[in-house]
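Peer 1:
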């Protein structure tokens, strides 16, 4: 008779990445629906929030978390994890570029600058809008710069690894963790910025989204891999 085999599957993957993706999608949808406090699908600014939420709360976090899965067979195999990581991070980079294009166009259409309200004049520099917005923008530029470095170095690392088996650019993972942390902090600032007359999402939504992002930041500090559990997987055989 056919008997189910046992495959090692990290139970935290389903829970943590499920919450991550669900939250990212909820944020993206929420900003496109005015009834939920968003700026609406007709406003190009909305797509900045939507793309950046999907990029970092979704793709970026899941890409990093894939390396916290235990090595072994099935979903924990190193090559599987490496491929998942690469696809997620390339997705985060592409979405970040789209998010920046959206905010650049929104500011250009409104005649605004692209430095978060920072103005330079004869009397020196001054922040004309909120400091939260300025910090959000500065962090955003750091993330975009980090994305560019990580994308180039990551592809170079992969090429050498596949060709020779040699591990190069050993700081890639450490820098990636920092970029993701900075991105999530930028998201936290973005959640609480008042981006329309209503102040953005409802208070309960801001608290919920912030809790998930803060939780992701805490999980990024974990040095160990999550504990696996055994899940029956049907196989054929006698």
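Numbering (the numbering used here), first residue to last: 4 to 241.
All C-beta atoms in this analysis are idealised placements derived from N, C-alpha and C, irrespective of residue type, glycine included.
Rounded to the nearest angstrom, what separates residue 88 and residue 66 at their Cα positions?
Peer 2: Residue 88 and residue 66: Cα-Cα distance of roughly 4 Å.
Peer 1: Out of curiosity, what's the CA-to-CA distance linking residue 81 and residue 216?
Peer 2: Cα to Cα, residue 81 sits roughly 27 Å from residue 216.
Peer 1: Within the stretch 129-216, note down every full alpha helix (DSSP H) run reaching 4 residues or more, in order along the chain.
Peer 2: Here the runs fully enclosed are 134-167, 175-195.
Peer 1: Throw me the rounded Cβ distance for the residue 141 and residue 116 pair, which I believe falls under 8 Å.
Peer 2: Contact doesn't hold; Cβ gap of about 13 Å is too wide.
Peer 1: My understanding is that residue 158 touches residue 175, with C-beta atoms under 8 Å, so please give their C-beta distance in whole angstroms.
Peer 2: In fact, because the Cβ distance is near 10 Å, the residues do not count as touching under 8 Å.
Peer 1: Out of curiosity, what's the CA-to-CA distance linking residue 30 and residue 90?
Peer 2: In a straight line, the C-alpha of residue 30 is about 21 Å away from that of residue 90.
Peer 1: Starting from residue 20 and walking both ways along the alpha helix (DSSP H), at which residues does that stretch end?
Peer 2: Note, residue 20: premise wrong, no alpha helix (DSSP H); not H, not E.
Peer 1: Distance check for residue 171 and residue 41, CA to CA, integer angstroms please.
Peer 2: So the two alpha carbons sit approximately 44 Å from each other.
Peer 1: Would you call the stretch 173-187 and the stretch 37-54 touching, i.e. three or more CB-CB distances under 8 Å?
Peer 2: Counting Cβ pairs under 8 Å, fewer than three are found: no touch.
Peer 1: For a quick check, are the C-beta atoms of residue 23 and residue 60 less than 8 Å apart?
Peer 2: Going by C-beta atoms, residue 23 is nearer than 8 Å to residue 60.
Peer 1: Assuming residue 150 and residue 182 are in contact, meaning their beta carbons sit under 8 Å apart, how far apart are those beta carbons, in whole angstroms?
Peer 2: Between residue 182 and residue 150 the Cβ distance is about 7 Å, and since that is below 8 Å, they are a contact.
Peer 1: Output needed for residue 139: all residues of its chain with C-beta closer than 8 Å, excluding positions within five of it in sequence on either side, in chain order.
Peer 2: Result list for residue 139: 119, 189, 192, 193, 196, in chain order.
Peer 1: For residue 62, collect the residues of the same chain with a Cβ closer than 6 Å to its Cβ; drop the 5 residues on either side in sequence, then sort them by chain order.
Peer 2: Here the set comprises 91, 94, 95.
Peer 1: Between the C-alpha atoms of residue 18 and residue 27, what's the straight-line distance to the nearest angstrom?
Peer 2: Going from the Cα of residue 18 to the Cα of residue 27 covers about 14 Å.
Peer 1: DSSP three-state call for residue 51: helix, strand or coil?
Peer 2: Looking at residue 51 - three-state DSSP - the assignment turns out to be helix.
Peer 1: With a threshold of 8 Å on Cβ separation, who are the neighbours of residue 153 within its own chain once the five nearest residues in sequence on each side are excluded?
Peer 2: Contacts found: 92, 96, 175, 178, 179, 182.
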